[in-house]
Structures are given as structure tokens and as C-alpha cells.
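The structure is reproduced here in C-alpha cells:
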């Protein structure tokens with residue numbers, strides 16, 4: 001009996017031991033899994049950190065490369081701009097030199113023209129002064145006015161007086177009086193005048209043309225005037241023989 005009880009107890013204790021050993025094994029597996037999980041998480045975190053670091057480094061390298069590219073392009077543009085500015089500066093300097101040369105020539109020509117003008121003005125002034133000095137000898141001054149304005153200057157000779165008296169302004173073709181007379185004799189277009197008026201106007205026109213063609217000079221006018229006056233005086237005061245011998249006219253009643 002004892003042996004059976006012992007055996008059963010031993011069997012029970014063996015079963016308990018096996019159960020305990022089985023539960024201990026299960027507990028160890030959970031801890032190991034948790035450790036492994038934590039290790040895996042740490043490994044993943046480390047990989048993520050390294051990947052993020054590599055990504056940031058790549059972004060930094062790309063940004064630096066882009067910046068270098070932009071800086072190179074900017075430097076190229078600045079170099080082109082500097083070259084253009086240098087070329088433009090040379091052009092501006094050349095244009096300024098040309099402009100300065102034109103201004104210098106303009107002022108030189110202006111000085112020459114001004115000198116020529118001053119010379120011409122001085123020449124004209126000297127000519128005017130010389131002319132005035134030459135004319136001043138004929139001027140009436142306080143010293144010579146008694147000789148210049150003496151009575152003989154204003155006395156006309158009888159020939160001059162008769163010549164002035166015989167001058168008829170209407171006899172000349174260009175005088176205002178002759179033109180006025182011609183305007184007074186003018187008729188409108190289509191005007192029908194009588195035969196007497198037509199004959200009178202024709203005679204007047206012929207007389208005007210004859211006078212215009214044979215206008216005597218002052219000396220000939222004076223000579224003709226003197227001759228006609230002498231003939232009239234002789235005819236008025238000296239009777240002819242025929243008129244003395246001729247009988248008196250008879251009256252109609254006789």
C-alpha cells in the first residue's frame with residue numbers, strides 16, 4: 001500500500017513538476033518575445049534615424065548643389081552684365097568725346113562768326129562815320145549858317161519862275177491828275193453813248209496820247225512859252241498892213 005501511495009504521490013509530484021516546468025517554459029517565451037520585440041523596435045528606430053539622416057544629408061547636398069548652380073548662373077549673368085556695362089561705358093565715353101568735339105567746334109565757329117560779325121560791324125561803323133564826316137562839311141552849323149542861309153539861296157530867276165508856271169501836271173502821262181481825268185472819262189462795259197459824246201471822248205483820248213508822246217522838257221517848254229508870249233504881245237500891239245488897209249465890215253441893215 002505504501003508503495004502504491006508512494007508511487008501515486010511520486011506520479012502526482014512528477015506531474016506537478018512537469019506542469020511547473022511547462023508553465024516556466026511558457027513564461028520564459030513571453031519575456032524572450034518581448035525582448036526580441038524591443039530589440040526589433042530599437043533596430044527599426046536606428047534604421048529610421050539613419051535613413052532620415054541620409055535623407056537630410058541628401059537634401060542638404062541637393063540644396064547645396066542647387067545653390068551652387070544658382071550662384072554660378074548669377075555669376076555668369078553678373079559677368080555678362082559687367083561686360084555689357086564695360087562695352088556701354090566705352091560707347092558712352094566715345095559718344096561723349098564726339099559730343100565734346102562737336103561742342104568745341106561749334107563754339108570755335110561761333111567765336112569766328114562773332115569776330116567776323118564784329119569786324120563787319122566795325123567796318124560799317126567806320127564807313128558810316130567817314131560818310132558822316134564827309135557830309136558834315138555841307139551841314140548848316142552855327143559857324144556857317146549865315147553863308148548857307150543867305151537871301152540869294154531862296155531867290156529864283158525869272159526863267160525858273162516862268163518854267164515852274166508853265167508846268168502842267170495833267171500833261172504828263174504818269175501824273176495823278178492825268179490818271180484822274182482818264183478815270184473820269186472811263187465808261188462802264190456795254191455803255192451806249194451818243195455820237196457827240198463818242199467824238200468828244202475820242203478827241204480827248206487822242207489829245208492825251210499826243211501830249212504823252214510829245215511832252216517837252218523844261219528848257220523847251222520855257223523857250224516855247226517865251227516865244228508864244230512874244231508873238232502874242234507883238235500881235236496885240238503891232239497891227240499888220242492888211243488889217244490897216246482893210247475896210248470896216250458893213251452892217252447887215254445896210
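Residue numbers (full-length UniProt numbering): 1 to 254. All C-beta atoms in this analysis are idealised placements derived from N, C-alpha and C, irrespective of residue type, glycine included.
Simplified DSSP assignment, three categories, for residue 116:
Three-state result, residue 116: helix.
Minimum Cβ-Cβ distance from residue 134 to chain D less than 8 Å
No chain D appears in this structure, which consists of one protein chain only.
Enclosing alpha helix (DSSP H) for residue 146 [first to last residue]:
Per DSSP, residue 146 belongs to the alpha helix (DSSP H) from 145-148.
Nearest-angstrom Cα separation, counted from residue 130 out to residue 140
Between residue 140 and residue 130, the C-alpha separation is close to 18 Å.
Reduced DSSP secondary structure (H/G/I, E/B, other) of residue 142:
It is coil, neither helix nor strand.
Alpha carbon of residue 148 to alpha carbon of residue 105, nearest angstrom
For residue 148 and residue 105, the distance between alpha carbons rounds to 58 Å.
Where are the beta strand (DSSP E) runs, 3 residues long or more, that stay fully inside the stretch 57-86, in chain order?
Complete beta strand (DSSP E) runs here, min 3: none at all.
My output table needs one value for residue 93: the three-state DSSP class, helix, strand or coil.
Under the three-state reduction of DSSP output, residue 93 falls in the helix class.
Please classify residue 127: does DSSP put it in a helix, a strand, or coil?
Note: residue 127 maps to helix in three-state DSSP.
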